[in-house]
Structure formats: structure tokens, C-alpha cells
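**Q**
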Amino acid sequence: MLAHTIYGVDFSGAARAGDNIYLARGRVPTASSDETLHIETCTPAPTLLDTTADRDAVLSGLREFIATRPTSDTGSVAFGCDFAFSIPMVHIAAVDDVTDWQSFLQWFPGDMTDPSTFASWAGDIAAATETKRTYIQRLTDTRVGALSPYHFFIQSQTFYGIRDVLAPLVKTNSIRVRPMQSPTSDIPWVVEAYPAATLDRFGLPDDGYKSTSDDAYNRRQMIIEEIDARDDVTLTPEAKATALTDPDGDALDAVIAAVATFHVARDGITIPSSADDRWQCEGWIVS
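For any residue, its number in the working numbering is found by taking its place in the sequence shown, counting from 1, and adding 325.
#1: Leaving aside the five residues before and after Asp359 along the sequence, list all residues of the same chain whose C-beta is less than 7 angstroms from its C-beta, in chain order.
#2: How would you label Gly351, buried or exposed, when you count the other beta carbons within 10 angstroms and need 16 or more for buried?
#3: Assign Lys335 to one of three DSSP states: helix, strand, or coil.
#4: Are at least three pairs of beta-carbons, each pair with one atom in the segment 419–428 and one in the segment 457–474, less than 8 angstroms apart?
#5: Residues in its own chain within less than 6 angstroms of Asp436 by CB, not counting five upstream and five downstream?
#6: Inspect the beta-carbon positions of Ala342 and Val383 and report whether they are closer than 7 angstroms.
#7: Enumerate in chain order the residues of its own chain whose CB-to-CB distance from Thr361 is below 6 angstroms, with the five nearest sequence positions on each side excluded.
#8: Tell me, please, whether the segment 424–433 touches the segment 531–540 by the rule of three or more beta-carbon pairs shorter than 8 angstroms.
#9: Name, in chain order, the residues that DSSP records as bridge partners for Thr570.
#10: So if DSSP puts Cys606 in a beta bridge, which residue, or which two residues, is it bridged to?
#11: With DSSP run on the structure shown, which of helix, strand or coil describes Val580?
#12: Helix, strand or coil: how does DSSP classify Ile364 here?
#13: So, at 7 angstroms on beta carbons, what are the nonlocal neighbours of Glu563 in its own chain, with the 5 sequence-adjacent residues on each side left out?
#14: Do Ile594 and Pro504 have their beta-carbon atoms positioned less than 7 angstroms apart in this structure?
#15: Tell me, which residues are paired with Pro369 by DSSP?
#16: What are the complete alpha helix (DSSP H) segments, minimum 4 residues, inside the segment 436–485?
#17: Would you call the CB atoms of Ser507 and Pro440 closer than 7 angstroms?
#18: For Pro371, count neighbouring C-beta atoms within 10 Å of its own C-beta (all shown protein chains included) and say buried if the count is 16 or more, exposed if not.
#19: Let me check understanding here. Comparing Cα to Cα, which of Ile552, Pro520, Ala392 lies closest to Asn498?
#20: Starting from Ala492 and walking both ways along the alpha helix (DSSP H), at which residues does that stretch end?
#21: Hey, would you say Ala579 sits closer than 7 angstroms to Asp379, going by beta carbons?
#22: Residue range of the alpha helix (DSSP H) that Val516 falls in?
#23: Are Ala590 and Leu327 closer than 7 angstroms when you measure CB to CB?
#24: How big is the Cα-Cα spacing for Arg603 and Thr483?
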């Protein structure tokens with residue numbers, strides 16, 4: 326087991342990002358052969374990090390939290406974060422002197438000042454390709470049905486997630502990012518989670534649970550019950566209640582990200598033999 330404290334982070338790049346960022350925390354017993362993830366809490370980021378909901382404040386707090394990990398966490402720690410960790414290879418190749426994933430992080434965001442200029446730059450490169458597609462996906466996005474990292478739905482998540490959280494942590498050697506980097510026991514490791522893909526792997530609905538409607542509430546309840554019924558996961562009543570009563574589904578997504586990260590800690594990451602080596606620059610979604 327490569328981590329005994331697991332965090333799932335549902336991310337947001339909105340101006341009040343803290344309204345939508347949740348962290349689910351689980352533990353795997355260290356003194357037994359019972360490899361079960363016990364999800365204990367699921368907490369809004371401003372509450373856990375003692376910040377406002379303002380994006381700059383909460384992302385700064387999240388970055389510090391990941392780098393230092395709470396003193397109550399013993400053993401190795403892992404985080405599963407729900408935002409794109411890179412961009413398509415065609416865009417990376419368009420940047421001078423960027424030859425791999427780490428040099429991409431050193432460069433990003435270049436001259437781009439916000440998600441809009443980032444998406445415009447990426448769109449221009451895409452339009453100049455032979456396919457002339459507006460949105461080009463990474464190999465890993467195509468595999469799990471995720472949107473392009475610069476799609477207008479998630480361009481803010483990608484921009485602020487990489488610029489304000491991932492890149493600073495990698496530059497200071499505060500984390501190891503799998504599978505591009507090998508984990509070590511003394512530094513938190515991080516993976517890119519995508520809750521919809523995890524739900525699909527479990528045979529559970531990956532939509533229809535994010536609204537205030539009775540149907541969405543019932544669907545959240547069903548998903549929570551199915552996850553809790555798994556042999557390798559338990560949830561406290563507190564974590565269940567938070568995931569159930571958050572109508573936006575952000576708390577539930579944090580729980581799902583934690584489960585996916587736990588499976589990586591237990592089973593590792595397997596890159597299919599059919600995949601080419603683009604993942605070394607584009608990143609890899611764990612499901």
C-alpha cells in the first residue's frame with residue numbers, strides 16, 4: 326500500500342472557487358492486512374483550510390495543505406485532484422524549448438494571463454492542425470470520455486489548477502505526480518482523478534446527480550449506498566450526509582476521487598500496451 330492517508334479533491338477555478346472545492350479524507354489501517362479505505366470526512370475547502378471562498382485565498386491554502394499535509398496524517402499521503410494536469414501533445418510541441426511534462430510546467434502559462442487567453446491560444450493551435458478541430462483531447466481524455474483541457478466548461482479549472490496548485494508544488498519538489506514521477510514515502514504523491522470515469526468503472530450513473538431536484542438527490546443517495554456497500558470502502562455517517570446534501574455534487578465527486586486514488590495506492594497504475602508514450606507529457610487520468 327503506497328499511501329495510508331488518502332484525499333480526494335473536487336476542484337474549481339471559479340472566482341469563488343471555495344464554494345465548490347471539497348476535500349474527502351480517508352484512511353487505510355497501517356497495522357493490519359485489511360486494505361479498506363475508511364472515508365472519515367468530506368469538508369468544504371474554506372472550512373478545512375481556514376480561508377475565504379475567494380479563489381486566490383483557497384488555492385493558496387490548498388497548495389500549502391498539500392505541501393505540508395496535516396500533522397495528524399501519519400505515513401505516506403496521496404491526493405487525487407479533479408483537474409487536467411497537462412494539455413494535448415500538439416500544444417506542448419508548439420512551445421519553444423518545452424520537451425517534456427516538467428518543462429511544460431516550468432513554462433505554463435507563458436504569456437497567457439487568464440483562462441480566456443489560454444483557451445484562445447489553444448484554439449488557434451488546434452485550428453491550424455489538419456483536423457481543424459476546435460477542441461483537441463489528450464490521449465487520456467479520449468480513453469475515458471473527458472473534455473479537452475481547454476474546453477470552455479473546464480478551461481478555468483485547468484488554468485488555475487496547473488498554474489496555482491500543480492506547477493508550484495512540482496517546482497519546489499513538494500509532491501510527486503504519478504505516473505510521470507515515481508512516488509517516494511516521504512513526499513505526498515498526486516494523481517489526476519476524473520469521478521465520471523470511476524463511476525463508469527463501477528457501473529454507476531455518471532450524470533443526473535448534480536441539481537436540487539428530488540431525482541438528483543435520490544441518485545446521489547444510490548451512488549453513496551453503492552460505494553459504501555463495496556468490500557473495500559466504508560463511509561462515516563458524516564461523510565455520507567455531506568455528500569448527499571450538497572446539491573452540486575462536488576462533495577460526492579471528492580469522495581469518488583478519494584476512492585480512485587485509494588485504488589492507485591493499492592493496485593498501482595497500469596498504462597495499456599495499446600497506449601503510446603504521449604502520456605509522459607499529457608498526463609494520465611486514473612479511474
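Backbone N, C-alpha and C fix where the C-beta goes; we use that ideal spot for every residue, glycine too.
**A** The structure says:
#1: For the purposes of this step, residue 359 is taken as the residue at position 34 of the sequence shown. Cβ within range, chain order: n/a, list empty.
#2: Looking up residue 351 in the sequence shown gives position 26. Gly351 counts as buried, since at least 16 other C-beta atoms from the protein chains shown sit within 10 angstroms of its C-beta.
#3: Mapped onto the sequence shown, residue 335 falls at position 10. Sequence check: residue 335 is Asp here, not Lys. If DSSP states are grouped into helix, strand and coil, Asp335 belongs with the strands.
#4: Short answer: they don't touch.
#5: Indexing the sequence shown from 1 puts residue 436 at position 111. Cβ within range, chain order: n/a, list empty.
#6: Against the sequence shown, residue 342 aligns to sequence position 17. Against the sequence shown, residue 383 aligns to sequence position 58. Yes, the pair counts as a contact, with Cβ atoms nearer than the cut-off.
#7: Counting from one through the sequence shown, the residue named residue 361 turns up at place 36. These residues qualify, in order along the chain: Asp557.
#8: Touching, no.
#9: By 1-based counting over the sequence shown, the position of residue 570 is 245. The beta-bridge partner set that DSSP reports for Thr570 is empty.
#10: As a first step, residue 606 is located in the sequence shown; it is residue number 281 there, counting from the start. BP columns for Cys606 are empty, so no partner.
#11: What you label residue 580 is simply residue 255 of the sequence shown in a count that begins at 1. Reduced to three states, the DSSP call for Val580 is helix.
#12: Taking the first residue of the sequence shown as 1, we reach residue 364 at position 39. Looking at Ile364 - three-state DSSP - the assignment turns out to be strand.
#13: Taking the sequence shown and counting its residues from 1, the one referred to as residue 563 is at position 238. In its chain, beyond the 5 residues on either side, Thr366 have a beta carbon closer than 7 angstroms to the beta carbon of Glu563.
#14: Stepping through the sequence shown from its first residue, residue 504 is reached at position 179. Stepping through the sequence shown from its first residue, residue 594 is reached at position 269. Result yes, Cβ atoms of Pro504 and Ile594 sit closer than 7 angstroms.
#15: For the purposes of this step, residue 369 is identified with residue 44 of the sequence shown, where counting begins at 1. For Pro369, the beta-bridge partners assigned by DSSP are Tyr347.
#16: Within the segment 436–485, the complete alpha helix (DSSP H) runs of at least 4 residues are 440–452, 464–469, 480–485.
#17: Taking the first residue of the sequence shown as position 1, residue 507 is located at position 182. Taking the first residue of the sequence shown as position 1, residue 440 is located at position 115. In this structure, Pro440 does not lie closer than 7 angstroms to Ser507 by Cβ.
#18: The sequence position of residue 371 within the sequence shown is 46, counting from 1. Pro371 comes out buried.
#19: Translated into the one-based positions of the sequence shown, residue 498 becomes position 173. Out of Ile552, Pro520, Ala392, Ala392 has the C-alpha closest to the C-alpha of Asn498.
#20: Counted from its first residue, the sequence shown places residue 492 at position 167. Run containing Ala492: 492–496, per the alpha helix (DSSP H) assignment.
#21: Here residue 579 corresponds to residue number 254 of the sequence shown, with the count starting at 1. Here residue 379 corresponds to residue number 54 of the sequence shown, with the count starting at 1. At least 7 angstroms separates the beta-carbon of Ala579 from that of Asp379.
#22: Residue numbering aside, residue 516 sits at position 191 when the sequence shown is read from its first letter. Where Val516 is concerned, there is no enclosing alpha helix (DSSP H), although the beta strand (DSSP E) it sits in stretches over 514–518.
#23: Within the sequence shown, the letter at position 265 stands for residue 590. Within the sequence shown, the letter at position 2 stands for residue 327. Cβ distance < 7 angstroms, so Ala590 and Leu327 count as in contact.
#24: On the sequence shown, position 278 is the one that residue 603 refers to. On the sequence shown, position 158 is the one that residue 483 refers to. The alpha-carbon separation between Arg603 and Thr483 amounts to approximately 18 angstroms.
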